[in-house]
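If you want the numbering used here, it's the 1-based position in the sequence shown plus 1.
Just so it is clear, CB atoms sit at the ideal spot from N, CA and C, and this is done for glycine as well.
Computed from a prediction, not measured in an experiment: that's the story for all the values here.
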Amino acid sequence: MAGSGTEKDRSITDDDHLNNWFGTTGLGSPDREDIARILTVPFSGRIKGGMKPGKKIIVMGIVDPEPESLDISLTCGNLEAPPADVAILLSARFAERQFIRKACVSGEWSDEETPIPYFPFIQDQPFRVEIHCEHQRFRIFVDGHQLFDFYHRVNSLPSIDTIKINGSLQITNWARLISRSRGHLDVCK
2 MAGSGTEKDR SITDDDHLNN WFGTTGLGSP DREDIARILT VPFSGRIKGG
52 MKPGKKIIVM GIVDPEPESL DISLTCGNLE APPADVAILL SARFAERQFI
102 RKACVSGEWS DEETPIPYFP FIQDQPFRVE IHCEHQRFRI FVDGHQLFDF
152 YHRVNSLPSI DTIKINGSLQ ITNWARLISR SRGHLDVCK
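So this is what it looks like as structure tokens:
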């Protein structure tokens, strides 16, 4: 619920900075408890400026010891009713060893895409998912290996401005790489 101050649904907006969240100024580092509150699952965070070609999202975490699923989605806002468009939903299903991806535009879900060369997640082990935005597609990497491409269903890339993370995992870090050429990294850790 917006404005409720719950620790389950934290959002970092364009004007927020991590130092402001922790009530410190300058170069102060947050302590572990503050980091844990921000990266609590389910997690919702704002992607400053939305997506564009050359931008990438990095999610690092640890799979739970007895996982069921983990979901990472990039959405157009954070509305529940009417639901926001989902540019990409990545859903790892451990029992089936599938890494499903799909999109939802104007309330209509696309067909699930399931083919992958291998299932990249291991229970109780760390992982790194990278979502690279290109002109026509997202390119998905797990632990440095490209797994698949997902062609855009949402045509307005800047409107893709929210990341949501949920499921059987602990988030250890997430970041937005603004531009490959400039190499500027806006890190949330």
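Buried is the label assigned to Asp162, since at least 16 other Cβ atoms lie within 10 Å of its Cβ. CA-CA distance, Gly51 to Cys134, rounds to 11 Å. Going by beta carbons, Ile89 and Phe122 fall outside the 8 Å limit. If you ignore the 5 residues before and after Phe120, its C-beta comes within less than 6 Å of the C-beta of Arg98, all in its own chain and listed in chain order.
Look at Leu158 here: in three-state DSSP terms it is helix. Counted as a single uninterrupted DSSP element, the beta strand (DSSP E) harbouring Asp150 occupies residues 146-152. DSSP links Glu109 through a beta bridge to Val106. Assignment of Asp72 by DSSP, reduced to helix, strand and coil, places it in the strand class. Under the three-state reduction of DSSP, Val42 is assigned to coil, being neither helix nor strand. Annotated three-state conformation of Cys77 is coil, per DSSP.
Within 10 angstroms of the beta-carbon of Gly145 lie fewer than 16 other beta-carbons, which makes it exposed.
One Cα belongs to Pro159, the other to Pro116, and the distance between them is close to 28 Å.
Of the residues Val64, Arg47, Asp86, Leu80, the one whose Cα lies closest to the Cα of Ser157 is Asp86.
Between Ile48 and Ile164 the beta-carbon gap is near 6 Å, inside 8 Å, which marks them as a contact. In the displayed model, Gln124 falls within coil according to three-state DSSP, outside both helix and strand.
Its chain contains Gly62, Ile63 as the residues whose beta carbon lies nearer than 6 Å to that of Gln171, once the 5 sequence neighbours on both sides are disregarded; these appear in chain order.
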